Amino acid sequence: MRSAKVLVATVAVALTGCAVTVSTSESGPAGPSPRLGQPVSEAQLAKWNIDVRTPDGLGLPPGKGSVADGKKVYDAKCLACHGEGAKGGPVFGAMVGGIGSFKTNTRVLTPGSMYPYAGVLFDYVRRAMPMNAPQSLTDDESYAVSAYILHLNGLMPANGVGDAKTFTALVMPNRDGFISDTRPDVKAERCMSNCPPISSTRGKK
Amino acid sequence: MKLSEKMKELVESSRRELQGRESKSHDPGRRRMLGRTLAMAGAAGVATQAGAQALEVPPSAKEHGRPMPANEYGMPSKFEAHVKRRRTDVFVNRQNFSDWSMTPLHQQHGIVTPNGLIFERHHNGVPDIDPDKHTFVIHGMVRQPLKFSMADLMKYPSVTKFYFHECSGNGLTDWLAPKSKTVQQTHGLLSCAQWTGVPVATLLEEAGVLKEAQWALAEGADGASHARSIPMKKLLDDALLVYASNGEMLRPENGYPLRLFTPGWEGNTSVKWLRRLKLGDKPWHLRSETARYTDPMPDGKWRQFSMEMECKSVVTSPSGGMKIKPGTIEILGFAWSGVGSIRTVDVTLDGGRTWREARLEEPVLDKTLTRFRLTVKWDGAPMTIASRAMDSTGYVQPTVDDIKKVRAIVGFVQHHNAIFPWDVAASGEVSNAIG
Chain A
994 MRSAKVLVAT VAVALTGCAV TVSTSESGPA GPSPRLGQPV SEAQLAKWNI
1044 DVRTPDGLGL PPGKGSVADG KKVYDAKCLA CHGEGAKGGP VFGAMVGGIG
1094 SFKTNTRVLT PGSMYPYAGV LFDYVRRAMP MNAPQSLTDD ESYAVSAYIL
1144 HLNGLMPANG VGDAKTFTAL VMPNRDGFIS DTRPDVKAER CMSNCPPISS
1194 TRGKK
Chain B
4 MKLSEKMKEL VESSRRELQG RESKSHDPGR RRMLGRTLAM AGAAGVATQA
54 GAQALEVPPS AKEHGRPMPA NEYGMPSKFE AHVKRRRTDV FVNRQNFSDW
104 SMTPLHQQHG IVTPNGLIFE RHHNGVPDID PDKHTFVIHG MVRQPLKFSM
154 ADLMKYPSVT KFYFHECSGN GLTDWLAPKS KTVQQTHGLL SCAQWTGVPV
204 ATLLEEAGVL KEAQWALAEG ADGASHARSI PMKKLLDDAL LVYASNGEML
254 RPENGYPLRL FTPGWEGNTS VKWLRRLKLG DKPWHLRSET ARYTDPMPDG
304 KWRQFSMEME CKSVVTSPSG GMKIKPGTIE ILGFAWSGVG SIRTVDVTLD
354 GGRTWREARL EEPVLDKTLT RFRLTVKWDG APMTIASRAM DSTGYVQPTV
404 DDIKKVRAIV GFVQHHNAIF PWDVAASGEV SNAIG
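Respectively, the protein sequence lines represent chains A and B.
Residues 994 to 1198 in the numbering used here are what the first sequence lists, from first letter to last.
Residues 4 to 438 in the numbering used here are what the second sequence lists, from first letter to last.
Here's what the structure looks like:
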């Protein structure tokens, strides 16, 4: 098939005399790139460029916010969904506790127990919270409310202040909790007869 | 009553029912329950009722159909109104912005999911973005940061490919005990479409990838600015910037006007409403790839960046909520693999003791839903049916027992690709038999 296509393409080029490149790939695009991208500068992208590389804090902006200021922001803009003291509210569950729960059968996932780096919390607050008005908080407010939630999890003192330096330095409980993908981690056999049942626990509960 | 009057009344009552909003015989719930049963019992039913009554000319053959409007977007028949995406019925989500809805796999004919039935997972609702105002940017570790308009992106030579698309959370409610009733609820975070777009590699080449770049952050323009770190290797291999599915522009809920598409990988890495790719030398470790979309492992650990969707299959008919009758039944289902194509599918009727190979329906494509079929005789004795797929790498779909040996199944766990059994009771009622 492929050689036939090349032949057709060659004939077409020969007939028209055009010096075009003809792609015969089965999966690639059918022609050359028109290269229509417009140059843009990183400065022009400043408002979009909000990501934080959380292990080393690259992208954490200037500014700061205290635990005390964070409580004010939280009570005004977060409490309605997340509840008093981040213990869980009408819309979302608790954001405090769970540290040490991962070796039990009931893992409790909160920013305190789960996030490996404090920058994860700042990044998420800044990009996505509050849910009804994302990206409405100032950087100082995002630092403050993140510091408050870290404080509620026992990870910052009451007089603490969140900023790029403190958040990068803070060692979170789950920092070393992640491993990389090593799948396929399960090797099953294609047994056709006299096989074990699908479930060994079926009917034994 | 004269025959002609009786006929007239019959026609009128049929018309009233067809035009009425409260159609009894076409009640969606009832149809949902009966649809497959009737289809299965059809042959036997015809045999026993044959000759009881002469068939009348249907009203549709005795009147105008609806006239053609000057222009319209065609919709399914009102009698198909029960075929819908549905949210989970295992629990009630207290908000519907970060939520999901599932594809009715048991009502899907063929391998293509219609656009209006492709599953949804949003992190803060569905934006409806004006394509004329949408800008896509490539920046970070590139020689020249670039921005693209939708109009310009659509001038690039495109590719069109069939691929399945599955959320890594598909089945997370049903690992150790039956929670969901239907296959839509147990497996419906799965769809398959023909996707059209531009290879990401084409645009990366234009921006000029610096040799230090190993990862890229893909970020959406939605209210969650959902973002994932994607290895450059995947972006340069087969990732697409997709703007169309099944021949038309994407639906808003599937990323209109532009999404990333990472074939065979967990759904959320195919970032919808894509507005930028930022290249870097390391991953970002954001909430969506630490606190979410990670898998609990023994010793309190979490597995991260588990992108590939491993080989899986499920019987879609008979499946949970259906009712079958003894006789000849056709077992139907889907198989798929994020790392290749489907090589075989086996079906068991006895809870896994014995298996027989099903027929695969063409086409059998890489990273695409594959249909399997097996016709069997059911004598009315209770049975437990399930399917087991093997992909082109030789990987065999495991049981939950197999997976439990190496991973921690605690809470809502992602990447459930285990063999999924359905019980068929002597009554013919089919129910979820996981666990």
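We put the CB at the ideal spot given by N, CA and C, even for glycine.
Note that this is a predicted model, so its numbers are computed, not measured.
- If you compare alpha carbons, which of B:Trp103, B:Asp133, B:Met144, B:His142 is closest to Asn127 (chain B)? B:Trp103
- Task: Use the C-beta contact count for Lys236 (chain B): other C-beta atoms within 10 angstroms, 16 or more gives buried, fewer gives exposed.
- Result: exposed
- Closer than 8 Å to chain B by CB, Gly964 (chain A): Limits of chain A in this structure are 994 at one end and 1198 at the other, which puts residue 964 (chain A) out of reach.
- Measure the CB-CB distance between Lys1064 (chain A) and Tyr1141 (chain A) and report whether it falls below 8 Å. Yes, Cβ-Cβ distance for Lys1064 (chain A) and Tyr1141 (chain A) is below 8 Å.
- Item | Interface residues of chain A facing Leu261 (chain B) [CB-CB closer than 9 Å] | What Leu261 (chain B) touches in chain A: nothing, since even the nearest Cβ is about 14 Å away.
- With DSSP as the reference, label Met1107 (chain A) as helix, strand or coil. Three-state DSSP puts Met1107 (chain A) in a helix.
- Task: Pull up the CB-CB distance for Arg391 (chain B) and Gln400 (chain B), whole angstroms please, since I reckon it's below 8 Å.
- Result: 5 Å
- Query: At least one CB of chain A closer than 8 Å to the CB of Gly336 (chain B): is that the case?
  - Reply: no
- Can you tell me the Cβ-Cβ gap for Arg88 (chain B) and Glu123 (chain B), rounded? I've got them flagged as a contact below 8 Å. 7 Å
- Task: Return the chain-ordered list of same chain residues with a C-beta closer than 8 Å to the C-beta of Gly113 (chain B), the five sequence neighbours on each side being excluded.
- Result: Same-chain partners within the cutoff: Arg374.
- Task: Could you work out which residues of chain A lie near Glu313 (chain B), taking near to mean beta carbons separated by less than 7 Å?
- Result: For Glu313 (chain B), the chain A residues whose Cβ falls inside 7 Å of its Cβ are Arg1176, Pro1177, in order along the chain.
- Item | Own chain partners of Gly1153 (chain A) with C-beta closer than 8 Å, once the 5 adjacent residues on each side are dropped | Ser1059, Val1060, Ala1140, Leu1143, His1144, Thr1159
- Query: Looking at Ala196 (chain B) and Thr116 (chain B), is the spacing between their C-beta atoms short of 8 Å?
  - Reply: yes
- Query: From Ser1034 (chain A) to Thr371 (chain B), what distance separates their C-alpha atoms?
  - Reply: 39 Å
- Cα-Cα separation, Thr351 (chain B) to Lys184 (chain B): 20 Å
- Query: Under a CB-based cut-off of 8 Å, is Val1113 (chain A) close to chain B?
  - Reply: Closer than 8 Å to some Cβ of chain B, the Cβ of Val1113 (chain A) qualifies, so yes.
- Query: Can the beta-carbon of Glu256 (chain B) be found closer than 8 Å to that of Val129 (chain B)?
  - Reply: yes
- Query: Given His137 (chain B), which residues of its chain have a CB within under 6 Å of its CB, disregarding the five upstream and five downstream residues?
  - Reply: Met153, Pro260
- Query: Exposed or buried, what is Gly1170 (chain A) when buried is set at 16 or more other beta-carbons lying within 10 Å of its beta-carbon?
  - Reply: buried
- Message: I want to verify the contact list: residues of chain A whose CB lies under 7 Å from the CB of Gln440 (chain B), in sequence order.
- Response: What is shown of chain B runs 4 to 438, which leaves residue 440 (chain B) out entirely.
- Message: Can you check which of these residues, B:Asp284, B:Phe94, B:Pro160, is closest to Arg1028 (chain A) by C-alpha distance?
- Response: B:Pro160
- Query: Which class does Ser378 (chain B) belong to by DSSP, given the choice of helix, strand or coil?
  - Reply: Looking at the sequence shown, residue 378 (chain B) is not Ser but Thr. Thr378 (chain B): strand per DSSP, three-state reduction.
- Query: So which residues of chain B does Arg1100 (chain A) contact, with C-beta pairs closer than 7 Å?
  - Reply: Pro299, Val413, Gly414
- Whose CA, out of A:Tyr1108, A:Val1118, A:Lys1070, A:Gly1091, lies closest to the CA of Gln307 (chain B)? A:Tyr1108
- Mind pulling the chain B residues with CB within less than 9 Å of Tyr1110 (chain A)? His288, Thr293
- Below 8 Å between beta carbons: does that hold for Asn435 (chain B) and Pro181 (chain B)? yes
- Message: For Asp302 (chain B), count the other beta carbons within 10 Å of its own beta carbon; 16 or more makes it buried, fewer makes it exposed. Which is it?
- Response: Asp302 (chain B) comes out exposed.
- Message: Rounding to the nearest angstrom, what Cα-Cα distance links Asp1116 (chain A) and Ser291 (chain B) in this structure?
- Response: 11 Å
- Task: Select from B:Pro424, B:Ala384, B:Thr347, B:Ile388 the residue whose C-alpha is nearest the C-alpha of Leu368 (chain B).
- Result: B:Thr347
- Short Cβ contact (8 Å threshold) for Val245 (chain B) with Arg231 (chain B): no
- Which residues in the same chain as Gly254 (chain B) place their Cβ atom closer than 6 Å to its Cβ, once the five residues preceding and following it in sequence are excluded? In the sequence as presented, Gly is not what sits at residue 254 (chain B); that position holds Arg. Around Arg254 (chain B): Asn118.
- Task: Per DSSP, which residues does Gln1031 (chain A) bridge with? Please list them.
- Result: B:Lys150
- Query: Can you find a CB in chain A that lies within less than 8 Å of the CB of Phe167 (chain B)?
  - Reply: With 8 Å as the cut-off, Phe167 (chain B) does not count as an interface residue toward chain A.
- Item | Segment limits, beta strand (DSSP E) that includes Gln400 (chain B) | First-last for Gln400 (chain B): undefined, no H or E at that position.
- Task: Could you have a look at Ile233 (chain B) and say whether DSSP puts it in helix, strand or coil?
- Result: Strand at Ile233 (chain B).
- Message: By DSSP's criteria, Asp240 (chain B) is part of a beta bridge. Which residues make up the other side?
- Response: Per the DSSP secondary-structure output, Asp240 (chain B) pairs with nothing in a beta bridge.
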